[in-house]
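Residue numbers (the working numbering), protein chains in the order written: chain A, 1 to 467; chain B, 1001 to 1090; chain C, 2001 to 2148; chain D, 3001 to 3190. Here a beta-carbon is modelled for each residue, glycine too, at the ideal position from N, C-alpha and C. Note that this is a predicted model, so its numbers are computed, not measured.
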Amino acid sequence: MKYKSQKVAKLYFIAAIGLFVGQILFGLIIGAQYIWGDFLFPEIPFNVARMVHTNLLIVWLLFGFMGAAYYLVPEEAETDLVMPWLANLMFWIFLTAGAATILGYLLVPYAQLAELTKNELLPTMGREFLEQPTITKIGIVIVALSFLANIGLTILKGRKTVINLVLLMGMTGLAVFFLFAFYNPVNVVLDKYYWWWVVHLWVEGVWELILGSILAFILIKTTGVDREVIEKWLYVIIAMVLITGIIGTGHHYYWIGTPAFWQWWGSIFSAMEPIPFFMMTVFAFNMVNKRRRNHPNKAAVLWALGTAVMAFLGAGVWGFLHTLSPVNYYTHGTQITAAHGHMAFYGAYVMIVLAMISYAMPMLRGREAANSTKSQVLEMWGFWLMTISIVFITLFLTGAGILQVYLQRFADNPMPFMVVQEKIQLFYALREIAGFIFLSGLLIYIVSFFVGSKEPEATIEGEVVPT
Amino acid sequence: MTTKKMFLRPCTWVYLFLLSLTFVTWFIGVNNLSGRAFAFTVLGFALIKGQLIGDYFMGLKQVAGPWRWVIFVWLLLIGSLITAAFWKTL
Amino acid sequence: MAQAFTKAMARNIFYGGTAFFFLLFLALTFQTHSALPELDNRNALTGPQGEMIAKGKQVWEENDCIGCHTLLGEGAYFAPELGNVYKRFGSTDAIKGFIASRPKDGVPGRRSMPQFNLSEEELTAIAEFLKYVSEIKTARNWPPNTQG
Amino acid sequence: MTGMEKNRWPPGDLVIWIFIMAELLVFGVFFTAYAFTRAHNVELFDTYQLTLDRNAALINTLALITSSYFVVRAVADIRADDSRGCFRWLLAALGMGLLFLVVKGLEYKHHFSLGIDLSTNTFYMFYLSLTFFHFLHVVLGMVILLAVALKARKGGYSAAEHTGVETGASYWHMVDLVWMILFPLVYVMR
């Protein structure tokens, strides 16, 4: 850790991991409700638990992104944060607002929450992933603006690296596109059209800039490869991301009442979306192979490579599976979508945040560069358990989805939704088991922070063999 | 100056050849000539034009190795796919 | 001769490509807006009927229906598609009857929709809203069949 | 880079070639989609193809080929260290590009005056999508050529270092190349 103000990242990372645990617990609850329909009914209905599951995911990833930014921006800019106090203040505001919102979901019926928060003044609630009360949304905008001011001014003051600029663009885009969350017309087609400007242009657009810049930062730090090379590829990859991803939004405009030309535009451009992910995988492995030194933090390198692979599989391959409009005609809004969502979010965004935490946390806790070998071994156990479980969760949901598509949409005598759900129970049960293994991986991951803290740091063994 | 001429002269010939192929294509077009013979002549012309642009204008003729073939492979691919799609309808 | 592969060029392509494709996206959005009046059933949204549908959308949102159901394929996958529920049930009365009759404590061992205690006006509003959605002209008449 | 010896890499910055490949991929998919969709709607496509103006397409093809040739001359000039010549040929190429835009613009004006848009029918969806996507590439290519031309006028390139000229030229030839396929495919083949 070179700059004192980087320290604020630690709070953000701790909160991120804490909320991550919450997300997984609620994931297990809704997973159980898929098997036992009356589980926790009517105390915690499915929609409430799901809302907690998805909202916690978004909030903890945002905590992770902000933490990552507070750690890497000063180091890249070679100057302290301009307003570390603001970063601290915003942390507590965001955490309080987030916790209050989640408690609101859990403690009062959603309709009552809408009434309490005066949703009728500016109705924005009740849309998928944007369930937060309007007042929370305004809070998010304020937090985002303060955050942008903080890192933006720091970047302006210091060295302007490509990584910092790309990160700043990503974060700015995140804030700008979130504003479409406030547009909620009665016209359902328009509502959905611009809803995707938040959701798609986030996860298949500006978030990928954030992902790319964090990945590039970790690769520079852990491989010692020339910054020039890494930054050049970063530009190429994010250019491909946006070239394919912006028009790729069209793969959400097939069946919501939008005109038919989107079938073609959406199919063609979104079919190209795996290309940048593939480039990212090749890039990450290339850089690690060309490394100038071995970094003692093996766990961080593992997370970084894992991100590249799993993002390609989850976002690239599983996305491509159902992105072409003739396929999507059958798969739209089924468990296939859920399968893709789980692996893509884990592979791209969960893993990059954990990679950054893995890289930065030892320094934030006063280490030179890495945790002890013992701690790292445990962390890598967590990596494998979580990653393998998410692969199985994805496979089981894909199985469920294929069967659902066949029985409900493709067969000669389509069956009703609820009948089909009973027939695919087995997959849901298997998914829940994989979910518990995921939780065990997560717990081992957390334990790794408390194990071997007294032991000496891992050291580099052997010299780099140039390839 | 000789190297410049060596580069330009073939390009000029290619340019004139491209113009003449274009006129033939246009002639087939304005007279609404249809059927396999005309359609695939026109497609063949287009592929030849593409290859000439790649080889001479883009300078791929002077390249050895995989990049030499990017345009060729692309033309081959879309040429076959378009042929496959048009074949039965003509 | 060493091949040029410069960061400056990569940067230019990033900025140029992004601007290019974003403008193209805006152009397609403009096209979409001019095509929507034929498709999105906006005529239903005028007059007192329109107010009822607006109220219905509010009921839909303030009870987080999307947290279990899909609407034109978007939402959660825990409960049936509702973009075509009007066609599946055949009438707004059937929809109202279904929502009003959900048991307060659920059905043992099975998924059940919560009892939302909606007023008669709210029930009418949400049923009208669902009717309006079912009359949006989706491409290829999605969903593929009445089961959704 | 004046001799006739073989190179390992194509002219210009390698990044542009990565994007040329990406662009060709997109256009290739679009062309294939056109061809196979036509195979399912032969009558519709053949009927509406007749409403297109082949004379305008001829002028546009000639304009792009000529423009490409002018760019070749610009590259030849800069390789001979002639910045002024390079600048002039690039201006001429830009003029041809402008001619393309005007002619294509008049075609669009005609279609729009008849109320034709992407939702009219499948043929027009493809015709407008393909040509408009290409149209925007012409605009983008012209912006690139203009930037290169202005730098050339200021003497920013030389026989020793003119990667920028070759980069812009490669992109422009790609725009030309795509039209070589688009013209027969959409306007002529039936």
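Item to check | Contiguous alpha helix (DSSP H) assignments of at least 4 residues, all confined to the stretch 273-329 of chain A | outcome: 274-289, 298-311, 318-321
Next on the checklist: If the criterion is Cβ atoms closer than 7 Å, does the pair residue 2087/C and residue 2134/C meet it?
Outcome noted: yes
Checklist entry - When DSSP labels each residue in this structure, what does residue 459/A get in the three-state scheme? => result coil
Next on the checklist: Helix, strand or coil, according to DSSP, for residue 3001/D in the structure here?
Outcome noted: Reliability fails at residue 3001/D, whose pLDDT of 43 lies under 50, so the model's placement of it is uncertain and the value that follows must be treated cautiously. Coil.
Next on the checklist: Taking a contact to mean a Cβ-Cβ separation below 7 Å, would you say residue 105/A touches residue 52/A in this structure?
Outcome noted: yes
Item to check | Contacting residues, own chain, Cβ-Cβ under 6 Å from residue 209/A (five flanking each side not counted) | outcome: 166, 169, 170, 238
Checklist entry - For residue 2071/C, which three-state DSSP category applies? => result strand
Checklist entry - Distance, Cα to Cα, residue 3001/D vs residue 3167/D? => result Low local confidence applies: a pLDDT of 43 at residue 3001/D is under 50, so the model's placement there is unreliable, with the coordinate-based value given in what follows. The alpha-carbon atoms of residue 3001/D and residue 3167/D are separated by roughly 14 Å.
Checklist entry - For residue 282/A, which option in 295/A, 306/A, 423/A has the closest C-alpha, if you only look at C-alpha atoms? => result 306/A
Checklist entry - If you run the structure through DSSP and keep just helix, strand and coil, what is residue 2110/C? => result strand
Checklist entry - What's the gap between the Cα of residue 3008/D and the Cα of residue 2005/C? => result 13 Å
Checklist entry - With contact counted as at least three CB pairs below 8 Å, one residue from each stretch, are the stretch 32-45 of chain A and the stretch 84-101 of chain A in contact? => result no
Checklist entry - In or out: residue 1027/B buried (at least 16 other Cβ within 10 Å) or exposed? => result exposed
Checklist entry - Quick one: what's residue 3007/D bridged to in DSSP? => result 1063/B
Item to check | Neighbour-count burial assignment, residue 425/A, 16 or more Cβ in a 10 Å radius | outcome: exposed
Checklist entry - If you run the structure through DSSP and keep just helix, strand and coil, what is residue 422/A? => result helix
Item to check | Range covered by the alpha helix (DSSP H) that runs through residue 135/A | outcome: 134-157
Next on the checklist: In the DSSP assignment, the alpha helix (DSSP H) including residue 3081/D goes from what residue to what residue?
Outcome noted: First-last for residue 3081/D: undefined, no H or E at that position.
Item to check | Coarse secondary structure for residue 131/A, derived from DSSP in three states | outcome: coil
Next on the checklist: Are the CB atoms of residue 460/A and residue 289/A within a distance shorter than 7 Å?
Outcome noted: no
Checklist entry - Around the Cβ of residue 2001/C, are there at least 16 other Cβ atoms within 10 angstroms (buried) or fewer (exposed)? => result Annotation note: pLDDT 46 at residue 2001/C (below 50); position unreliable, no value reported.
Checklist entry - Do you know how far the Cα of residue 423/A is from the Cα of residue 3202/D? => result Here chain D comprises residues numbered 3001 to 3190, so residue 3202/D is not present and cannot be evaluated.
Checklist entry - Measuring CB to CB, does residue 3076/D end up less than 7 Å from residue 1007/B? => result yes
Next on the checklist: With a threshold of 8 Å, are at least 3 pairs of Cβ atoms found where one atom belongs to the stretch 3146-3163 of chain D and the other to the stretch 1012-1020 of chain B?
Outcome noted: no
Item to check | Partners in chain D for residue 2058/C, counting only beta-carbon separations shorter than 7 Å | outcome: None at all; the shortest Cβ gap to chain D is about 31 Å.
Item to check | Contacting positions in the stretch 3010-3032 of chain D - beta carbon closer than 8 Å to chain E | outcome: Protein chains in the displayed structure are A, B, C and D, and chain E is not among them.
Next on the checklist: Any C-beta of chain C within less than 7 Å: which residues of the stretch 3114-3144 of chain D qualify?
Outcome noted: 3117, 3118, 3119, 3136, 3140
Item to check | residue 360/A versus 243/A, 280/A, 214/A, 250/A, residue with shortest Cα-Cα distance | outcome: 214/A
Checklist entry - Using the C-alpha atoms, what's the distance from residue 25/A back to residue 138/A? => result 27 Å
Item to check | Per DSSP, the bridge partner or partners of residue 2081/C | outcome: 2070/C
Next on the checklist: Would residue 2081/C and residue 2070/C qualify as a contact pair, given that the criterion is a beta-carbon distance under 7 Å?
Outcome noted: yes
Item to check | Whole runs of the alpha helix (DSSP H) within the stretch 11-79 of chain A, excluding any shorter than 4 residues | outcome: 46-77
Item to check | Span of the alpha helix (DSSP H) around residue 3179/D | outcome: 3163-3182
Checklist entry - Among 2049/C, 2074/C, 2076/C, which one has its Cα closest to the Cα of residue 2121/C? => result 2049/C
Checklist entry - Whose CA, out of 2034/C, 2108/C, 2147/C, lies closest to the CA of residue 496/A? => result Within the shown structure, residues of chain A are numbered from 1 to 467, placing residue 496/A beyond reach of any answer.
Checklist entry - Between which two residues does the alpha helix (DSSP H) containing residue 2122/C stretch? => result 2120-2134
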